[in-house]
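I have placed the structure first, in the form of C-alpha cells, so that the comments after it can refer back to it.
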Amino acid sequence: MLIYPAIDLYDGKAVRLYKGDYAQMTVYSDDPLSVAKDFEAAGAKNIHMVDLAGAKDGATPNFDVVASVAKSTSLKVEIGGGVRSEEIVKKYLDAGIDRVILGTAAITNWDFFCDMTRKYPGHIAAGVDVRDGYIAIKGWLETSALTCFDFCEKLSSTGVRAVICTDISKDGAMGGTNRALYRDLTGRFPDLDIIASGGVSTLDDIAALRDMGLHGAIVGKAYYIGAIDLKEAIEVAK
14 MLIYPAIDLY
24 DGKAVRLYKG
34 DYAQMTVYSD
44 DPLSVAKDFE
54 AAGAKNIHMV
64 DLAGAKDGAT
74 PNFDVVASVA
84 KSTSLKVEIG
94 GGVRSEEIVK
104 KYLDAGIDRV
114 ILGTAAITNW
124 DFFCDMTRKY
134 PGHIAAGVDV
144 RDGYIAIKGW
154 LETSALTCFD
164 FCEKLSSTGV
174 RAVICTDISK
184 DGAMGGTNRA
194 LYRDLTGRFP
204 DLDIIASGGV
214 STLDDIAALR
224 DMGLHGAIVG
234 KAYYIGAIDL
244 KEAIEVAK
C-alpha cells in the first residue's frame, strides 16, 4: 500500500479543515514546498494536494505552489480541487503533475469525465467524497443525489483506476478512519485502486487498510500534529 502525505492549499499556505468546514481552518505552514520536501526526506514517493479555494469556485489560485512541488521534488503529485475543464487538466499535466483528480466535474459533467479518462489514461483519478452515504461536490458545500456505491459502479465502466474516497465526517477529526466503508469498497470493486482519505489517525489505521488490500492511504492532520511519523507509516504500509 502506498502512503500519500497531504497538503491542502489555501492562500498559498498549507492548511487543514475540520470535516470540510472552511470556517474551521488551521494553517500549518506558510511554505508548502518546504513541507513537501520534508515528505520527500521521510521517504515518501507520492503527495496528495488539494486546492481548497479552487474546489469552491473552479479556479486554480494555488497553481504556482503545486507546480513548484512538481518541479522541485521527485514526488509524484496528484492534485484535486476545482478541476472542471480540459484547459485546467492540461495546465497541470504540462506542469509535471502526475495525476489530476476530478470530483465535482465527474458528477456534474459525466461526458467530460469520460472524455478526460480516454484522452489522458493513467493521469486522471476520481474523487469520491462521501457525506452520509452520498457524494458531496463543490468543495463539499453541496450534496448530490448519487450514492457512493452507485457512483463507484459507474466509475468501473470508464477505465479509470485511481479512486480517492474521503469520508467527510472523519476528515480532520482524528477519530480513526471508516474501515467498514473501505472494506465494502475493496470487496465490491476489485478493479478500482481505492485510496482511503479522512481520519487516518494512527499506525493501526494504516495497518488495517493495508490488510484490506487498499491501494493507498492519505495522511493529513495526523502528520501535522505529530500523531503519525511519516517514515514509520511508509514502513507499515509496505
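Mapping of the sequence shown onto our numbering: residues 14 to 251, in sequence order.
Each residue gets a CB set at the ideal place from its N, CA and C atoms; glycine is no exception.
Keep in mind that this is a model prediction, so the values were computed, not measured.
Under 8 Å Cβ to Cβ from residue 199, same chain only, skipping five residues before and after it: list those, please. Residue mapping note: residue 199 aligns to position 186 of the sequence shown, counting from 1. Closer than 8 Å at the Cβ level, and outside the excluded window around residue 199, lie 207, 225, 226, 227.
Bounding residues of the alpha helix (DSSP H) (the contiguous stretch that carries residue 85): Residue mapping note: residue 85 aligns to position 72 of the sequence shown, counting from 1. Its alpha helix (DSSP H) spans residues 76 to 85.
Please report the distance separating the alpha-carbon of residue 35 from that of residue 236. What you label residue 35 is simply residue 22 of the sequence shown in a count that begins at 1. What you label residue 236 is simply residue 223 of the sequence shown in a count that begins at 1. Residue 35 and residue 236: Cα-Cα distance of roughly 20 Å.
Do you know how far the Cα of residue 165 is from the Cα of residue 131? Here residue 131 refers to the residue found at position 118 when the sequence shown is read from its first residue. Here residue 165 refers to the residue found at position 152 when the sequence shown is read from its first residue. Near 17 Å, if we compare the C-alpha coordinates of residue 165 and residue 131.
Applying the 10 Å Cβ sphere with the 16-neighbour rule, what's the burial state of residue 238? As a first step, residue 238 must be located in the sequence shown, where it is residue number 225. The residue is exposed, with fewer than 16 neighbouring Cβ atoms inside 10 Å.
How would you label residue 123, buried or exposed, when you count the other beta carbons within 10 angstroms and need 16 or more for buried? The sequence position of residue 123 within the sequence shown is 110, counting from 1. Per the 10 Å Cβ criterion, exposed.
Can you grab the Cα-Cα spacing for the pair residue 169 / residue 50, in whole Å? The count along the sequence shown starts at 1 and reaches residue 169 at position 156. The count along the sequence shown starts at 1 and reaches residue 50 at position 37. C-alpha separation (whole angstroms): 35 Å.
Work out the CA separation of residue 53 and residue 87 for me, nearest whole Å. Sequence index remark: in the sequence shown, residue 87 carries index 74 (1-based). Sequence index remark: in the sequence shown, residue 53 carries index 40 (1-based). Answer to the nearest angstrom: the Cα atoms are 7 Å apart.
Can you tell which of 61, 221, 78 has the C-alpha that lies nearest to the C-alpha of residue 175? Indexing the sequence shown from 1 puts residue 175 at position 162. Nearest of 61, 221, 78 to residue 175, Cα basis: 61.
Buried versus exposed, by CB contacts within 10 Å (16 or more), residue 91: By one-based count along the sequence shown, residue 91 stands at place 78. Buried is the call here.
Would you check if the region 134 to 148 and the region 102 to 117 touch, i.e. whether three or more CB-CB distances between them fall below 8 Å? Judged by Cβ distances under 8 Å, the region 102 to 117 makes contact with the region 134 to 148, as three or more pairs qualify.
Using the rule of at least 16 other Cβ atoms within 10 Å of the residue's Cβ for burial, across every protein chain shown, is residue 180 buried or exposed? As a working note, residue 180 is residue 167 in the sequence shown. Taking all protein chains in view, the Cβ of residue 180 is crowded by 16 or more other Cβ atoms within 10 Å, so the residue is classified as buried.
Rounded C-beta distance between residue 68 and residue 185? I'm assuming under 8 Å. The count along the sequence shown starts at 1 and reaches residue 68 at position 55. The count along the sequence shown starts at 1 and reaches residue 185 at position 172. So it is not a contact: roughly 15 Å between Cβ atoms.
If I follow the unbroken beta strand (DSSP E) through residue 30, where does it start and stop? On the sequence shown, residue 30 is found 17 positions in, with the first residue counted as 1. Per DSSP, the unbroken beta strand (DSSP E) holding residue 30 starts and ends at 26 to 31.
Which of the three DSSP states, helix, strand or coil, is assigned to residue 205? Sequence index remark: in the sequence shown, residue 205 carries index 192 (1-based). In the three-state scheme derived from DSSP, where H, G and I count as helix and E and B as strand, residue 205 is classed as coil.
To the nearest angstrom, how far is the alpha carbon of residue 37 from that of residue 21? As a first step, residue 37 must be located in the sequence shown, where it is residue number 24. As a first step, residue 21 must be located in the sequence shown, where it is residue number 8. Distance between the alpha carbons of residue 37 and residue 21 is about 13 Å.
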